[in-house]
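A.B. asks: Residue numbers (UniProt numbering): 1 to 513.
1. Please work out which residues of its chain come closer than 6 Å, Cβ to Cβ, to residue 412, disregarding the five sequence neighbours upstream and downstream, and give them in chain order.
2. Rounded to the nearest angstrom, what separates residue 474 and residue 170 at their Cα positions?
3. Threshold first: 3 residues or longer. Then list the beta strand (DSSP E) segments lying entirely within the segment 34-114, N to C.
4. Assuming residue 54 contacts residue 120 under a Cβ cut-off of 8 Å, what Cβ separation, rounded to an integer in Å, is found between them?
5. Quick check on the DSSP output: the beta strand (DSSP E) that includes residue 197 runs from which residue to which?
6. Residue 76 and residue 50: beta carbons closer than 7 Å?
7. If you compare alpha carbons, which of 247, 404, 152, 223 is closest to residue 71?
8. Please classify residue 430 as buried or exposed, where buried requires at least 16 neighbouring CB atoms within 10 angstroms.
9. Cβ atoms of residue 62 and residue 81: under 7 Å apart, would you say?
10. Short check: CB of residue 131 to CB of residue 172, under 7 Å?
11. Once DSSP output is grouped into helix, strand and coil, what is the label at residue 411?
12. Less than 8 Å between the CB atoms is what I'm expecting for residue 187 and residue 395, so what's the real figure, rounded?
13. In three-state DSSP terms, what is residue 241?
14. On the premise that residue 118 lies in contact with residue 101, defined as a C-beta separation below 8 Å, what is that separation, rounded to the nearest angstrom?
15. Run through the DSSP bridge pairs and tell me what residue 462 is partnered with.
16. Ignore the nearest five residues each way along the sequence and tell me which others in residue 212's own chain have a CB closer than 7 Å to its CB.
17. Find out if the Cβ-Cβ distance for the pair residue 385, residue 262 is shorter than 7 Å.
18. Where does residue 397 land, buried or exposed, given buried means 16+ other C-beta within 10 angstroms?
19. From which residue to which residue does the beta strand (DSSP E) around residue 538 run?
20. Measure from the alpha carbon of residue 127 to the alpha carbon of each residue in 84, 343, 92, then state which is nearest.
21. Between the alpha carbons of residue 156 and residue 448, how many angstroms are there, rounded?
22. Please identify the residue among 505, 487, 202 whose C-alpha is closest to the C-alpha of residue 333.
23. In the structure shown, what three-state DSSP assignment does residue 272 receive?
24. Is it buried or exposed for residue 241, if we count other Cβ within 10 angstroms and need 16 for buried?
25. Ignore the nearest five residues each way along the sequence and tell me which others in residue 400's own chain have a CB closer than 8 Å to its CB.
26. If you drop the 5 nearest sequence neighbours on each side, which residues of the same chain put their C-beta closer than 7 Å to that of residue 443?
27. Decide if residue 461 is buried, meaning its Cβ has at least 16 other Cβ atoms within 10 Å, or exposed.
28. What's the C-alpha gap between residue 227 and residue 134?
29. Between the segment 278-288 and the segment 301-316, do three or more beta carbon pairs fall short of 8 Å?
30. Apart from the five residues on each side of it in sequence, which residues of its chain come closer than 7 Å, Cβ to Cβ, to residue 195?
31. How would you label residue 499, buried or exposed, when you count the other beta carbons within 10 angstroms and need 16 or more for buried?
32. Relative to the C-alpha of residue 141, which residue among 234, 149, 163, 124 is closest?
33. Would you identify the three-state DSSP class for residue 295, choosing helix, strand or coil?
34. Determine the contact status of residue 505 and residue 123, defining contact as a CB-CB distance below 7 Å.
35. Whose C-beta lies closer than 6 Å to the C-beta of residue 219 among residues of the same chain, with five residues either side of it excluded?
36. Can you tell me where the beta strand (DSSP E) with residue 310 in it begins and where it stops?
This is how it looks when you write it as structure tokens:
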């Protein structure tokens with residue numbers, strides 16, 4: 001069967017620093033770290049201030065920096081900055097002139113680990129895991145943007161590593177710390193909508209090129225960008241125009257598509273509030289594309305233009321749950337409670353008409369609860385014929401769960417406070433173990449079947465009009481994938497298991513998790 005990953009010859013000359021050498025000794029297969037590795041570091045964070053190294057300084061990285069440094073306690077300081085793109089780093093270097101700057105995160109860990117206590121990572125998905133794992137192995141606390149990893153295997157390893165090495169972790173799904181999540185938990189506790197029968201999740205993503213062939217024309221690498229370091233673990237390829245800083249998301253070599261970009265935000269509320277874990281079954285539908293008469297487009301390097309995915313979970317109460325994910329303009333059937341003239345996402349999800357990114361809808365036996373991404377703006381839809389939902393102020397359920405001060409900013413502040421307090425006293429909403437890791441695995445399981453959809457074998461048929469035609473068979477389409485979560489494997493279509501764990505580029509083998 002054809003492989004759906006691109007292989008190219010990498011350049012030579014990737015440097016091997018002491019960090020790589022020591023990491024190679026500490027990582028093999030599913031082994032996390034020898035017990036003596038962390039014990040020998042002897043690094044204790046200060047009692048009153050957290051010194052942070054920031055990896056990835058532009059875009060979301062710039063937003064992260066702002067939130068970290070907005071803490072009312074003024075108990076954080078940016079000690080180091082790291083970015084492979086001088087353009088992305090320019091503003092941060094002006095704002096934090098005392099911070100030591102690095103281009104290579106490996107050099108940062110190797111030469112400056114005594115200057116910081118924690119790292120905040122906001123880089124493309126394909127480098128998340130190695131950068132976070134490298135920090136954990138030198139005893140650093142980690143704030144890592146969503147999704148936690150590029151592959152299921154990486155998410156599992158990060159979860160195990162964080163727990164074993166007792167570092168404080170937080171995934172960057174900042175909406176998880178907003179009041180809406182607490183409000184909905186109180187509504188569920190009050191049994192306002194009865195038993196949950198299904199959940200619908202959708203997003204306006206992708207908002208970048210996707211479902212297209214890899215451009216044939218290469219472009220010169222911008223002088224400010226270290227392309228080799230940006231590629232990191234990914235197979236070498238020539239630079240293409242406008243891939244960075246944003247459009248990498250649609251290519252499987254670097255990004256995790258629409259689902260990876262927003263799944264943790266939009267599936268997250270269901271995952272947390274219903275006590276979900278590994279899905280047991282997953283199936284998908286993907287848009288067809290054609291490039292000619294009877295010639296189906298085949299772009300396995302890129303995510304689909306649009307997709308619909310069904311996950312089957314077991315709820316905490318033991319009941320089965322079907323969760324439906326939709327992207328690329330696909331939406332669920334309009335509920336009868338919603339006015340026919342209303343924008344469906346605006347009505348049930350994000351309230352801001354200029355920022356309509358997605359929605360989560362819980363369908364219960366007595367009504368519905370919906371919210372925007374990250375649990376924002378929850379509302380209750382009653383089965384009473386009304387087309388107007390009730391918001392928290394109208395529902396009147398007393399608050400019983402403590403709110404996170406600062407909302408989305410508080411997601412960062414709680415992590416800072418927890419790093420200073422220590423692992424045993426940590427109080428964060430999205431730690432790798434127990435939440436962010438399993439959630440990311442579930443989200444990436446959806447991507448696994450999207451990629452399994454493109455596995456094909458060559459065949460032929462004799463057409464009455466066009467004669468002998470070369471065709472393909474796609475055994476991964478129109479089936480339900482049975483998922484063995486604990487062992488990270490598809491049991492009924494093993495060909496798709498190639499996407500559980502990828503092979504890193506030559507020269508980066510020491511960082512294979």
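Each residue gets a CB set at the ideal place from its N, CA and C atoms; glycine is no exception. Being a predicted model, the structure only gives us computed values, none of them experimental.
C.D. replies: Walking through what the data contain:
1. These residues qualify, in order along the chain: 67, 68.
2. 39 Å
3. 50-55, 76-82, 100-102
4. Rounded, the Cβ-Cβ distance is 5 Å, consistent with contact.
5. 196-203
6. yes
7. 404
8. Here residue 430 is buried. Its C-beta has 16 or more other C-beta atoms within 10 Å.
9. no
10. No. Outside cutoff.
11. helix
12. 7 Å
13. coil
14. That belief does not hold up - the Cβ atoms of residue 101 and residue 118 are roughly 18 Å apart, past 8 Å.
15. DSSP lists 468 as the beta-bridge partner residues of residue 462.
16. 299, 302
17. no
18. exposed
19. Coverage of the chain is limited to positions 1 through 513, which leaves residue 538 absent and any answer about it impossible.
20. 84
21. 15 Å
22. 202
23. helix
24. Exposed, because fewer than 16 other Cβ atoms sit within 10 Å of the Cβ of residue 241.
25. Exclusion of the five residues before and after residue 400 leaves 186, 189 as the residues of its chain whose Cβ lies within less than 8 Å of its Cβ.
26. Beyond the five residues adjoining it in sequence on each side, residue 443 comes within less than 7 Å, by CB distance, of 147, 259, 260, 263, 264, 267 in the same chain, given in chain order.
27. exposed
28. 21 Å
29. The answer is yes - the segment 301-316 touches the segment 278-288, with three or more Cβ pairs under 8 Å.
30. Only 319, 364, 365 meet the Cβ criterion.
31. buried
32. 163
33. strand
34. no
35. Cβ neighbours of residue 219 beyond the five flanking positions: 239, 240, 241.
36. 307-314
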